[in-house]
Structure formats: C-alpha cells, structure tokens
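Asks: If you're matching positions, the sequence shown starts at 0 in numbering that gives the first Met the number 0 and goes up one per residue.
For each residue, glycine too, the CB sits at the ideal point set by N, CA and C.
Keep in mind the model is a prediction, meaning the values are calculated, not measured.
Mind having a look at this structure? Questions to follow.
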Amino acid sequence: MAASSSCQIFRSIPHSSPSHCLKTFLRFETTASSSSPSLLTTKPSSSSHHKHEQEYSEPCNFLGSWKAPKDPKEAQAKLGLLRRDYAKQVRELRKDYFNEMELQRQEKQLKDEAKKEAIRIAKQERKAAKAAISKARAAERQVFEEEFRQTLMKERAQNFESWRLKERAREEKKLEKVKELRKQSSVWIDETDMEKKILEAIVDSNTL
Numbered sequence: 000m001a002a003s004s005s006c007q008i009f010r011s012i013p014h015s016s017p018s019h020c021l022k023t024f025l026r027f028e029t030t031a032s033s034s035s036p037s038l039l040t041t042k043p044s045s046s047s048h049h050k051h052e053q054e055y056s057e058p059c060n061f062l063g064s065w066k067a068p069k070d071p072k073e074a075q076a077k078l079g080l081l082r083r084d085y086a087k088q089v090r091e092l093r094k095d096y097f098n099e100m101e102l103q104r105q106e107k108q109l110k111d112e113a114k115k116e117a118i119r120i121a122k123q124e125r126k127a128a129k130a131a132i133s134k135a136r137a138a139e140r141q142v143f144e145e146e147f148r149q150t151l152m153k154e155r156a157q158n159f160e161s162w163r164l165k166e167r168a169r170e171e172k173k174l175e176k177v178k179e180l181r182k183q184s185s186v187w188i189d190e191t192d193m194e195k196k197i198l199e200a201i202v203d204s205n206t207l
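See the structure below:
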C-alpha cells in the first residue's frame, strides 16, 4: 500500500527537480508511516473516490533518468555524487523541518502564554468586581446601621421627653393637691414648726 502510494505521489510532483522529488517523497513517507493503520482500514469506496477527486501532475523527469555508464568507475563516481547530493538534500530538509517545528513550538508557547495571561486578567477582573460589590454592600450596611442608630436615638429622645412631661404633670398635680389641702385646713402648721408647737402646747397645759 505504501509503495503504490509512493508511486502516486511521485506522479503528482509538479516539478522535475531532484530536490523537489526528494522532499515530496520524504514528506509522503513520514505521513504514510504515521497514518498506516488508518490506510489499512480504509474502505475501497473511499479510496476510489479519492482517486476520482485527486488531480495528478505529469511524472517527474528525474525518475528513471539514471543511465548506467559503460565505465564502472564513472558509474561509481556518478553514484557517489548522487548519494552526496541526496544526503545534502536530506540534511537541508531535516534542518527546515526542525526550524518549522521550532517555529510551531514557539507559536504554541506564545498562544499558551497569551491564554494564561487572559485567564489571569479575567480572574483579576472578577476579583476586582467581587471586591467592589463587597465594598458597596459594606457601605450600604453602614448607611443602614447609621439610619437605624439615628432612628433609635430619636425614639429614645421622644420617650424621655414624654416621660419628663408626665413627671412634670404629676408633680404639678401633687402640688395642686397640697395647695387644696392647705386651703381646706383652718390652721396649717409646717412640718418644721410641728415640734415647736407641740412643746408650746405641753408647757401651756402644765402651767394651767
């Protein structure tokens, strides 16, 4: 399956340079090796549909272009050059691959950091909002307590004023009763002169 797919990918290469053929082949081999289980379980209908939808380019001129020289030494030299060129292209391709992976890693790292920063800012905003709500509730509670205290003090002042007026009215009523009793009595003796009057009465009775 991988061999037939590699043949198809070679036929779909748009350029005829050996470097492009090599890069395309290596990419395909990496993809085929990572997705081989799914390729084995693919249904024939989906494969035929893929063949029907796929547009293939002209075959690469590099394939089948090797012509063995008559001189074995010349053939060996050409083969060595081809191998060195292949190794160089592989190194460059791997370098490009590693650079691309590093860029992807850095991009992912930047995205993760941006996501963490967004989460941190959102947490700070929620925390600030909660603090503002708590502060507003505390201010409302303080205003309510102050109003309640003022109302309580006002009620106490009213109650005290009412009690004071009642006491004054009672004292006035008491004084009025005393005055009435004094008017009704023919002789009114103060409490301070009571003892003196008693002694005088006793002395007067003894002399008689």
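In angstroms with no decimal places, state the Cα-to-Cα distance between R148 and A138.
Replies: Between R148 and A138, the C-alpha separation is close to 15 Å.
Asks: What does the alpha-carbon distance come out to for the pair R169 and L180?
Replies: When rounded, the distance between both Cα atoms is 17 Å.
Asks: Let me know the secondary structure DSSP gives A128 once reduced to three states.
Replies: Residue state, collapsed to three classes: helix.
Asks: How many angstroms separate the CA atom of R82 from the CA atom of Q88?
Replies: Each residue's alpha carbon lies about 10 Å from the other.
Asks: Does DSSP put A74 in a helix, a strand or coil?
Replies: Here A74 sits in helix by DSSP.
Asks: Can you give me the C-alpha to C-alpha distance between A156 and L198, rounded to a whole angstrom?
Replies: Near 52 Å, if we compare the C-alpha coordinates of L198 and A156.
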